[in-house]
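To start, the structure under review is shown below, and the notes come after it.
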């Protein structure tokens with residue numbers, strides 16, 4: 017069996033996945049590890065024989081796919097939320113990593129640890145392969161490069177597990193309620209609340225003095241006004257220039273909290289399901305499958321002017337989004353459109369509404385974007401002190417994906433992927449990366465343990481990882497008041513650790529950890545490359 021797996025790395029890969037994924041669904045002490053269990057399954061298989069290895073290209077492909085699709089999905093939220101909270105998160109990560117590097121230097125001097133070993137320990141404890149690559153490049157031709165690699169492989173598993181256990185510990189200690197927290201994370205794209213609708217009879221006479229859009233901006237209404245029935249008239253749609261009158265009945269759509277705030281500003285809630293009145297208007301749930309629509313805001317689509325239609329709900333994956341004018345639609349979004357019956361066929365054609373089209377990946381845009389990211393990762397970036405930085409297979413694709421995802425489209429090229437395709441590629445890339453890292457490090461890790469050596473490095477790496485993670489979580493949540501859903505992603509980004517991110521998403525039940533991860537990942541990667549070489553020079 018060992019001979020077969022050694023000769024067939026693809027068979028080994030899928031065997032590791034077949035074992036690791038089901039293990040990740042099991043709960044241990046109330047905790048489910050998720051896709052991170054693939055890493056530990058890989059370590060177990062790799063420990064069986066030194067011939068069991070996966071090609072390095074699989075790891076690189078998996079890492080590049082994961083960070084590129086993550087960047088595309090997080091781009092708009094990343095730039096929208098780049099305010100003081102994100103700046104504070106990046107400063108927090110820089111301070112934590114700098115403190116960790118300083119502690120590594122002090123401990124190396126105190127216990128006589130070789131500089132190369134100390135640098136490898138730091139890169140393993142913070143689980144950053146590009147930083148290790150920078151150390152190896154700095155040592156090439158003047159020192160043995162095996163020492164940092166061994167230290168890295170010993171500290172790496174503890175680096176993964178330390179972040180996961182730290183997140184599990186603090187959410188248990190502080191009794192974090194992610195469901196309740198998600199209700200206040202609208203700006204981060206959590207989509208934690210369902211949208212509802214109520215019908216209101218207008219009783220405020222002053223509303224007759226200005227159109228709906230002016231009142232929405234003046235009073236900050238975070239709700240959509242859809243159906244409108246004038247006194248004794250037929251149902252019509254509310255447009256930006258519609259002026260409400262006393263006695264009008266209007267259906268408003270929003271979260272329960274927003275409806276409770278907006279409805280009293282219009283009038284009194286009445287027991288009428290105006291939204292479902294189909295005497296003159298109709299509504300459909302349609303898939304956005306036309307590339308011409310994707311990447312454009314609802315304001316740019318000009319649906320009221322083209323079709324006399326209004327979008328009242330948008331569903332992206334499992335999240336419900338309020339269709340504001342600046343909301344950009346993406347391939348795979350499911351929109352609820354209200355229009356006159358004679359316009360509904362034209363509206364369907366406009367959006368595409370093809371489920372089959374959503375199953376197809378735009379290979380040219382994916383190849384161009386990912387290729388550009390890989391090229392950026394290979395470019396040497398000179399830094400002060402003679403240090404050369406390369407962003408590698410993680411940093412380059414992520415930065416390019418953030419830029420392209422924010423742009424949405426360039427002429428006919430739509431950079432974003434359908435939600436389902438993005439999620440599938442992201443999970444597959446993560447699986448490739450975790451399986452490869454686990455299998456390739458498994459035998460060296462087990463051999464060192466069997467020989468009774470390296471326990472000090474394992475313990476030191478685990479302590480460093482846990483200290484950094486717990487410090488970031490505590491300071492970020494208790495002092496900076498960052499939401500825990502965002503902070504667990506920040507902590508995973510600080511350690512540039514996709515396995516822990518998979519666990520964090522399992523815990524929160526929303527996509528906010530992805531935003532936290534993407535917010536700090538680029539700066540954390542650059543900082544660790546520089547700090548690892550600083551340790552090499554100072555230790």
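In our numbering, the protein residues as written are 17 to 555.
Beta carbons are placed, not taken as given, at the ideal position from N, Cα and C, and that holds for glycine.
In this text, all values refer to a predicted model and were calculated from it rather than measured experimentally.
Considered as a whole, the segment 348-383 harbours 350-356 as its complete beta strand (DSSP E) runs of no fewer than 3 residues, in chain order. Sequence-distant Cβ neighbours of residue 364 in its own chain, meaning closer than 8 Å and more than five residues away, are 300, 302.
When the beta-carbon positions are compared, residue 316 and residue 435 stay at least 9 Å from each other. Pairing residue 63 with residue 536, the inter-Cα distance amounts to about 33 Å. In the displayed model, residue 19 falls within a helix according to three-state DSSP. Counting only runs of 3+ residues, no beta strand (DSSP E) is found wholly inside the segment 522-548.
Per DSSP, the unbroken beta strand (DSSP E) holding residue 213 starts and ends at 212-218. Nearest Cα to residue 77 within the set 389, 194, 338, 239: 389.
Per DSSP, the unbroken alpha helix (DSSP H) holding residue 278 starts and ends at 272-282. In terms of CA proximity to residue 60, 28 leads the group 91, 471, 75, 28. Check the Cα spacing between residue 69 and each of 503, 23, 477, 167: the tightest is with 23.
Three or more Cβ pairs closer than 8 Å define a contact, and the segment 176-185 falls short of that threshold against the segment 226-243. Between the beta-carbon of residue 387 and that of residue 412 there is about 10 Å, and that puts the pair past the 8 Å contact cut. Between the segment 465-484 and the segment 131-144 there are three or more C-beta pairs closer than 8 Å, enough to call the two in contact. In this structure the segment 178-193 does not touch the segment 542-554; the number of beta carbon pairs closer than 8 Å is below three. Residue pairing from DSSP places residue 268 in a beta bridge opposite 214, 241. The residues 170, 464, in chain order, have a CB closer than 6 Å to that of residue 470 in the same chain once the five nearest residues on each side in sequence are set aside. Taken atom to atom, the span from the alpha-carbon of residue 192 to that of residue 500 is near 8 Å. Pairwise C-beta distances place the segment 490-500 out of contact with the segment 121-129, as fewer than three of them are shorter than 8 Å.
The criterion of a C-beta distance shorter than 9 Å is satisfied by residue 218 and residue 264. Each of 529, 466, 361, 512 was checked against the Cα of residue 113, and the nearest Cα belongs to 512.
When rounded, the separation of the alpha-carbon atoms in residue 172 and residue 553 is 22 Å. Taken atom to atom, the span from the alpha-carbon of residue 532 to that of residue 261 is near 45 Å.
Note on residue 190: under 16 other CB atoms within 10 angstroms of its CB, so exposed under the neighbour-count rule. Counting along the chain, no alpha helix (DSSP H) covers residue 328; the unbroken beta strand (DSSP E) around it starts and ends at 326-332. Per DSSP, the unbroken beta strand (DSSP E) holding residue 300 starts and ends at 297-303. Ranked by Cα distance from residue 475, the first of 75, 137, 194, 36 is 137. Nearest neighbour of residue 34 by Cα position, chosen from 505, 444, 485, 539, turns out to be 444.
With a contact defined as Cβ atoms closer than 8 Å, residue 420 and residue 385 qualify at about 5 Å. At least 9 Å separates the beta-carbon of residue 122 from that of residue 454.
Remark: C-beta atoms of residue 514 and residue 449 approach each other more closely than 9 Å. Under DSSP, residue 425 forms a beta bridge with 430. In this structure, DSSP gives residue 188 a helical state, which the three-state scheme calls helix. In summary, residue 506 is buried, with 16 or more beta-carbon neighbours lying within 10 Å of its beta-carbon over all protein chains present.
Looking at the backbone, the Cα of residue 105 and that of residue 486 are separated by about 14 Å. For residue 222, DSSP assigns no beta-bridge partner whatsoever.
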